[in-house]
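Worksheet for the structure shown next.
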Amino acid sequence: MHTYAIGDIHGHLSLLHRAHDLIAADMATHGAAPVVHVGDLVDRGPDSAGVVEFLRAGIDDAQDWVVLKGNHDRMFTIFLDDPKAQDPGLRADLGWLHPRLGGAATLESYGVRNPADRPLLPVHADACAAVPAGHLAFLNARPTMYQRGDAVFVHAGIRPFIALQDQTETDLVWIREPFLSEPASHGPLVVHGHTALPAAMHYGNRLNIDSSAAYGGPLTAVVIEGQAAWLLTDHGRVPVPYSG
Numbered sequence: 011m012h013t014y015a016i017g018d019i020h021g022h023l024s025l026l027h028r029a030h031d032l033i034a035a036d037m038a039t040h041g042a043a044p045v046v047h048v049g050d051l052v053d054r055g056p057d058s059a060g061v062v063e064f065l066r067a068g069i070d071d072a073q074d075w076v077v078l079k080g081n082h083d084r085m086f087t088i089f090l091d092d093p094k095a096q097d098p099g100l101r102a103d104l105g106w107l108h109p110r111l112g113g114a115a116t117l118e119s120y121g122v123r124n125p126a127d128r129p130l131l132p133v134h135a136d137a138c139a140a141v142p143a144g145h146l147a148f149l150n151a152r153p154t155m156y157q158r159g160d161a162v163f164v165h166a167g168i169r170p171f172i173a174l175q176d177q178t179e180t181d182l183v184w185i186r187e188p189f190l191s192e193p194a195s196h197g198p199l200v201v202h203g204h205t206a207l208p209a210a211m212h213y214g215n216r217l218n219i220d221s222s223a224a225y226g227g228p229l230t231a232v233v234i235e236g237q238a239a240w241l242l243t244d245h246g247r248v249p250v251p252y253s254g
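According to my numbering, the residues represented by the sequence shown are 11 to 254, in order.
Rendered as structure tokens:
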């Protein structure tokens with residue numbers, strides 16, 4: 011049994027198409043399997059609207075895709091619901107439209123004019139008018155966890171030593187420590203993104219597939235069998251390197 015996974019997309023539709031092309035080529039040899047997207051569909055990149063529409067349409071067309079919720083996806087939906095609300099995982103001194111978070115790029119992809127340079131309430135009104143109701147419903151409906159075989163897929167990670175069914179959504183989309191530094195087995199391999207690296211890395215108990223597409227890096231596509239993982243490349247499968 012194998013499962014495919016794609017890292018944090020962050021509005022890069024062309025990279026997402028390429029990742030799916032690599033997966034299709036691998037499926038032609040090894041057979042079809044679910045494709046899991048670990049969240050952060052939006053923010054920072056040039057075409058968040060296109061990414062959301064591509065994934066929404068694919069699932070509506072019965073593609074065997076799983077699209078998880080990332081913290082950026084949640085911040086987007088919170089903003090649309092209430093522009094003054096704060097995601098509980100976000101630092102109190104930041105907001106979704108802060109340049110560090112990339113929310114303005116998402117609104118621009120929907121045609122909202124100068125979202126970073128105008129008062130908040132008019133920007134919010136324009137955003138509510140511009141974002142299709144189907145996109146908002148799709149983002150709100152995203153699950154935060156998917157388990158298959160010997161792997162569990164989440165956006166950010168899990169809180170160590172807490173049962174999977176007892177994990178909170180905020181941890182699943184926001185956590186870094188103590189998850190990143192925990193060496194003990196979590197049972198299943200935890201496949202996640204959220205913490206950007208130059209390239210995907212296997213840590214034995216977890217697999218980080220956020221290869222910094224948000225910052226000019228590639229978008230990683232992997233295939234997982236048991237707790238082993240391979241990068242998908244133009245030259246076929248390449249084992250994901252291990253740390254330590």
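Note that the Cβ used here is the ideal one computed from N, Cα and C, for glycine as well.
Quantities reported herein were computed from a predicted structural model and do not represent experimental measurements.
| Bounding residues of the beta strand (DSSP E) (the contiguous stretch that carries residue 106) | Locating residue 106 in the sequence shown gives position 96, where the first residue counts as 1. Segment: none, residue 106 is in no beta strand (DSSP E) and carries neither H nor E.
| Just how far apart, CA to CA, sit residue 48 and residue 131? | By one-based count along the sequence shown, residue 48 stands at place 38. By one-based count along the sequence shown, residue 131 stands at place 121. Rounded to whole angstroms, residue 48 to residue 131 spans 31 Å at the Cα level.
| request: Using 10 angstroms around the beta-carbon of residue 116, count the other beta-carbons present and answer buried if the total reaches 16, otherwise exposed. | output: Within the sequence shown, numbered from 1, the residue matching residue 116 stands at position 106. Buried, by the Cβ-count rule.
| First and last residue of the alpha helix (DSSP H) that includes residue 88? | Numbered from 1 along the sequence shown, position 78 holds the residue referred to as residue 88. That run of the alpha helix (DSSP H) goes 81-91.
| Endpoints, the beta strand (DSSP E) within which residue 199 is located | For the purposes of this step, residue 199 is taken as the residue at position 189 of the sequence shown. Counting along the chain, the beta strand (DSSP E) containing residue 199 begins and ends at 199-202.
| said: Tell me the DSSP secondary structure of residue 183 in three-state form. | reply: Walking along the sequence shown from the start, residue 183 turns up at place 173. The answer is helix: DSSP assigns residue 183 an H, G or I state.
| Residue ranges of each beta strand (DSSP E) run of no fewer than 3 residues wholly in the segment 135-223, ordered along the chain? | 156-158, 161-163, 199-202, 216-218
| request: Could you check the C-alpha separation between residue 144 and residue 69 for me, to the nearest Å? | output: Here residue 144 refers to the residue found at position 134 when the sequence shown is read from its first residue. Here residue 69 refers to the residue found at position 59 when the sequence shown is read from its first residue. Each residue's Cα considered, the two are about 12 Å apart.
| message | Once the 5 residues before and after residue 59 are set aside, which same chain residues still bring their CB inside 7 Å of it? | response | Stepping through the sequence shown from its first residue, residue 59 is reached at position 49. If we look at residue 59 and ignore the five residues flanking it on each side, its Cβ neighbours are 119, 120.
| request: Return the chain-ordered list of same chain residues with a C-beta closer than 6 Å to the C-beta of residue 82, the five sequence neighbours on each side being excluded. | output: The sequence position of residue 82 within the sequence shown is 72, counting from 1. These residues qualify, in order along the chain: 50, 52, 53.
| query | Buried or exposed: which applies to residue 218, given that a residue is buried once 16 or more other Cβ atoms fall within 10 Å of its Cβ? | reply | Taking the first residue of the sequence shown as 1, we reach residue 218 at position 208. It is buried - the Cβ of residue 218 has at least 16 other Cβ atoms within 10 Å.
| task | To the nearest angstrom, report how far apart residue 32 and residue 11 are at their CA atoms. | result | Residue numbering aside, residue 32 sits at position 22 when the sequence shown is read from its first letter. Residue numbering aside, residue 11 sits at position 1 when the sequence shown is read from its first letter. The straight-line gap from Cα to Cα measures roughly 18 Å.
| request: Measure the Cβ-Cβ separation of residue 77 and residue 152 and say whether it is below 8 Å. | output: Translated into the one-based positions of the sequence shown, residue 77 becomes position 67. Translated into the one-based positions of the sequence shown, residue 152 becomes position 142. Closer than 8 Å, so yes.
| field | Expected contact under 8 Å - CB spacing of residue 164 and residue 155 to nearest Å | value | Position 154 of the sequence shown, counted from the first residue, corresponds to residue 164. Position 145 of the sequence shown, counted from the first residue, corresponds to residue 155. Right, the Cβ-Cβ distance comes to about 5 Å (below 8 Å), so this counts as a contact.
| message | Using 8 Å for Cβ pairs, my map puts residue 92 next to residue 247. What's the rounded Cβ distance? | response | By one-based count along the sequence shown, residue 92 stands at place 82. By one-based count along the sequence shown, residue 247 stands at place 237. Rounded, the Cβ-Cβ distance is 45 Å, inconsistent with contact.
| Which of helix, strand or coil DSSP assigns to residue 77 | Translated into positions along the sequence shown, residue 77 becomes position 67. Looking at residue 77 - three-state DSSP - the assignment turns out to be strand.
| message | Just to confirm my understanding: we take residue 55, look at its own chain, exclude 5 residues before and 5 after, and list those with CB closer than 6 Å. What are they? | response | Here residue 55 refers to the residue found at position 45 when the sequence shown is read from its first residue. Taken in chain order, the residues that qualify are 20, 21, 22.
| Start and end residues, alpha helix (DSSP H) containing residue 27 | Translated into positions along the sequence shown, residue 27 becomes position 17. Here the alpha helix (DSSP H) through residue 27 covers 23-40.
| Nearest-angstrom Cα distance between residue 41 and residue 243? | Taking the sequence shown and counting its residues from 1, the one referred to as residue 41 is at position 31. Taking the sequence shown and counting its residues from 1, the one referred to as residue 243 is at position 233. Straight-line Cα distance between these residues: approximately 17 Å.
| Since residue 19 is in the alpha helix (DSSP H), which residue starts that stretch and which ends it? | As a first step, residue 19 is located in the sequence shown; it is residue number 9 there, counting from the start. Where residue 19 is concerned, there is no enclosing alpha helix (DSSP H), given that its DSSP letter is neither H nor E.
| query | Anyone know if the C-beta pair for residue 17 and residue 167 falls short of 8 Å? | reply | Position 7 of the sequence shown, counted from the first residue, corresponds to residue 17. Position 157 of the sequence shown, counted from the first residue, corresponds to residue 167. The answer is no: Cβ separation not under 8 Å.
| said: Suppose the cutoff is 8 Å on Cβ atoms and the five residues either side in sequence are ignored; what does the same chain contact list for residue 114 look like? | reply: By one-based count along the sequence shown, residue 114 stands at place 104. Within the same chain, residue 114 has close Cβ partners 107, 125, 126.
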